[in-house]
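Heads up: the protein sequence lines correspond to chains A and L, in order.
Letter by letter, the first sequence follows residues 1 to 328 in this note's numbering.
Letter by letter, the second sequence follows residues 329 to 477 in this note's numbering.
Ideal Cβ positions, reconstructed from N, Cα and C, are used throughout, including at glycine.
From a predicted model like this one, the values you see are computed outputs, not experimental measurements.
Presented below is the structure to which this report refers.
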Amino acid sequence: MSGKPKVAFYWCASCGGCEEAVVDLHEAVLDVVAAVDIVFWPVALDFKRSDVAAMADGSITACFLNGAIRTSEQEEMAELMRRKSQVLIAFGSCSHTGGIPGLANLYNRESILQSSYGNALSTVNPEGTRPQEQTKVPEGTVVLPHFGPSVKTLAQTVDVDYYLPGCPPPVKLIVGAVTALLEGKLPPKGSVLAPNMALCDECPRKDTKPDKLLLKEFKRPHQVLIDAEKCLLEQGLLCLGPATRSGCGAACMSGNMPCTGCLGPTDGVKDYGAKVLSALASIGEANEEPQAAALMQGIVDPSGTFYRYSLPASLLHRRVGGNGGAKS
Amino acid sequence: MPDTFEPKIVAFFCNWCTYLAADLAGTSRMKYAPNIRVIRLMCSGRVDPQFIFDAFAKGADGVLLGGCHPGDCHYQEGNYKTLRRFHLLKRVLADMGIEEERFRLEWISAAEGDKVRSVVNDMVEKVRALGPRMPTLPQPMHAREVAVS
């Protein structure tokens with residue numbers, strides 16, 4: 001092996017979009033490959049877990065780990081990658097704040113299993129068969145990972161050095177992180193490797209935002225013909241830009257869609273959803289009952305909207321008790 | 329030990345109306361359940377939703393918000409913001425398995441000491457009947473994001 005820095009990629013509970021983001025580096029990926037040795041990347045290269053286990057602790061310069069953590073296998077891999085890597089980077093929303101898989105925390109474990117292996121319309125399972133962690137077959141015992149009680153972020157599982165936010169992380173931020181890593185110019189441990197400004201700051205529609213936003217009604221994208229230039233909030237759409245970190249170049253707004261908040265909060269915010277809730281409630285134009293109640297009812301799924309990418313990282317973390325997950 | 333359960337309720341009262349009402353209740357020697365911990369803020373509109381989630385996350389059995397009546401806000405419209413937030417917060421808390429009796433918003437003017445007493449007593453009894461909140465799952469946190477400039 002050469003003396004080049006060793007880099008690893010791994011995925012846990014995620015969709016594969018983060019892996020796609022690495023490929024989206026296009027030609028720049030050649031520069032990365034020239035500068036580093038990729039020693040582990042299950043989705044693209046044929047290295048096994050045992051290869052990593054055989055490496056000396058701390059011998060990998062940096063590991064980019066995407067996906068949330070729920071199963072025992074994901075926990076073990078997070079611990080393994082932590083041990084083998086000098087720098088562990090939570091890559092993408094799922095790893096950073098829980099992501100879309102984190103919305104499973106709106107339901108308890110049993111109701112998820114019931115839905116997946118019982119009540120779902122597409123499920124036919126009259127005997128109520130459920131996956132078992134150990135199953136005896138003629139050849140021996142086969143095992144499945146334990147399905148944990150809750151979805152966790154990477155930092156709730158192991159010590160994390162840096163966060164690369166986004167669903168998936170924007171190419172510009174990935175390049176910035178890799179460059180900082182290679183040049184040894186990484187910021188203090190715990191930093192989110194993205195600008196610490198709200199998204200409105202880099203939004204091309206910024207100048208059309210009125211000084212005082214007042215909304216009589218909240219609308220969903222399919223209910224309106226979206227003006228391609230005007231501030232989306234002013235058009236009544238739930239654009240989460242005011243509470244979301246910038247760094248994506250306002251990609252969604254450029255595609256005429258509102259921000260859904262994948263880059264998460266700026267520094268110092270403890271609960272992203274609380275901040276979005278606060279911001280959106282502040283700009284409603286209904287002061288007394290019953291108009292105020294009716295206006296806020298226009299936000300169809302508050303938890304799913306405000307915590308789309310960050311429920312496990314929120315202060316309440318998950319649903320506890322109650323009926324297991326019937327939506328309000 | 330449900331028979332010895334004493335609810336802990338965090339109350340956020342605004343400086344200009346509800347806190348003065350609680351003060352009036354005190355100077356008038358009214359007695360009410362000692363289960364609330366009052367936090368005075370300048371306005372109910374200052375109650376960041378994070379405060380409410382944090383209170384529940386740290387083990388509060390209930391959260392009570394008190395502000396000026398509509399039209400009476402010292403800052404013109406702080407309580408209107410609170411009202412709109414309240415409607416969203418109720419639904420988010422329900423999704424987290426927190427019963428609606430545990431979260432309450434009341435408009436109480438500086439003259440309504442007796443309303444402080446009746447609201448607090450009523451809420452304490454309702455929360456007592458629900459019992460303690462189920463504890464949030466232990467959440468090992470090895471590293472937290474730190475603020476960087």
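Is D37 of chain A helix, strand or coil when you go by DSSP? In the structure shown, D37 of chain A falls within a strand segment according to DSSP collapsed to helix, strand and coil.
Rounded to a whole number of angstroms, what is the C-alpha to C-alpha distance between G176 of chain A and G354 of chain L? 59 angstroms
Please report the distance separating the alpha-carbon of L416 of chain L from that of L45 of chain A. Distance between the alpha carbons of L416 of chain L and L45 of chain A: 47 angstroms.
Any beta-carbon of chain C closer than 8 angstroms to the one on R445 of chain L? The chain labelled as chain C is not found among the protein chains of the depicted structure, namely A and L.
Member of A:V23, A:D31 and A:R319 whose CA lies at the smallest distance from the CA of K4 of chain A: A:D31
Residues of chain A with CB closer than 9 angstroms to the CB of F431 of chain L, please, in chain order. Here the premise fails: no neighbours, minimum Cβ distance about 12 angstroms.
Taking just the CA atoms, how far does A13 of chain A sit from P101 of chain A? 7 angstroms
Only counting the same chain, and skipping five residues up and downstream in sequence, which positions put a Cβ closer than 7 angstroms to that of E229 of chain A? Excluding residues within five positions, the ones whose Cβ falls inside 7 angstroms are R205 and T208.
Secondary structure of K136 of chain A, DSSP reduced to three states: strand
Beta-carbon within less than 8 angstroms of R432 of chain L's beta-carbon, same chain only, minus the 5 sequence neighbours each way: which residues are those? G390, V391, L392, L393, V447 and M451
CA nearest to the CA of T71 of chain A, picked from A:G148, A:K136, A:A62 and A:A35: The candidate whose alpha carbon is nearest that of T71 of chain A is A:G148.
Straight-line CA distance for I283 of chain A to L215 of chain A? Their Cα atoms are separated by approximately 6 angstroms.
Selected residue, minimal CA-CA separation from N449 of chain L, among L:M424, L:H397, L:A361 and L:A349: If we check each option's Cα against that of N449 of chain L, L:A361 comes out closest.
What's the C-alpha gap between V338 of chain L and F381 of chain L? 11 angstroms
Confirm, please, whether the CB-CB distance from G99 of chain A to P165 of chain A is below 8 angstroms. no
Beta strand (DSSP E) runs wholly inside the region 154-195 of chain A, at least 3 long, in chain order: Whole beta strand (DSSP E) segments, 3+ residues: 162-164.
Name the two residues that bound the continuous alpha helix (DSSP H) containing G394 of chain L. Taken as a continuous stretch (DSSP letters only), G394 of chain L belongs to no alpha helix (DSSP H), being part of the beta strand (DSSP E) at G390 to G395.
Report the neighbours of L348 of chain L on chain A: residues whose CB is nearer than 8 angstroms to its CB, in chain order. Near L348 of chain L there are no residues of chain A at all, since even the closest Cβ is about 23 angstroms away, more than 8 angstroms.
Does DSSP classify Y408 of chain L as helix, strand or coil? helix
Would the region 56-75 of chain A count as touching the region 11-30 of chain A if we require 3 or more Cβ pairs under 8 angstroms? By the criterion of at least three beta-carbon pairs nearer than 8 angstroms, the region 56-75 of chain A is in contact with the region 11-30 of chain A.
Taking the alpha helix (DSSP H) that C18 of chain A falls in, what are its first and last residues? G17 to V23
What separation, rounded to the nearest whole angstrom, lies between the Cα atoms of P145 of chain A and A90 of chain A? 22 angstroms
Using only the alpha-carbon positions, how far apart do L348 of chain L and S437 of chain L sit? 8 angstroms
Under 8 angstroms, do L173 of chain A and A35 of chain A count as touching if we go by C-beta distance? no
Boundaries (first-last residue) of the alpha helix (DSSP H) holding I112 of chain A: R109 to Q114
Tell me the DSSP bridge mates of T208 of chain A? Partner(s): none; T208 of chain A has no beta bridge.
Exposed or buried, I367 of chain L, counting other C-beta atoms within 10 Å across all chains shown (16 or more means buried)? exposed
Using a Cβ-Cβ cut-off of less than 7 angstroms, give me the residues of the region 374-398 of chain L that come near chain A, in sequence order. D376, P377, Q378, F381, D382, F384, A385 and P398
Alpha-carbon spacing of L199 of chain A relative to L238 of chain A, whole angstroms: Taking the straight line joining both Cα atoms gives about 14 angstroms.
Residues that E453 of chain L contacts on chain A, provided the C-beta gap is smaller than 7 angstroms: Per Cβ cutoff of 7 angstroms: no residues; E453 of chain L is ~20 angstroms from chain A at best.
With 16 as the cutoff for other CB atoms within 10 Å, does E110 of chain A come out buried or exposed? exposed
Measure how close the beta-carbons of A155 of chain A and Q378 of chain L come, nearest whole angstrom, since I'm counting them as under 8 angstroms. A155 of chain A to Q378 of chain L, Cβ: 19 angstroms. No contact.
The beta strand (DSSP E) with P221 of chain A in it runs from where to where? It is not in any beta strand (DSSP E) - P221 of chain A carries neither H nor E in the DSSP assignment.
Contact set between N287 of chain A and chain L, taken where Cβ atoms lie within less than 8 angstroms: P398, E405, Y408 and L411
Is DSSP giving N125 of chain A helix, strand or coil here? coil
Listed by chain order, chain L residues near R109 of chain A by CB distance under 9 angstroms: In chain order: nothing, as chain L lies at least about 11 angstroms away.
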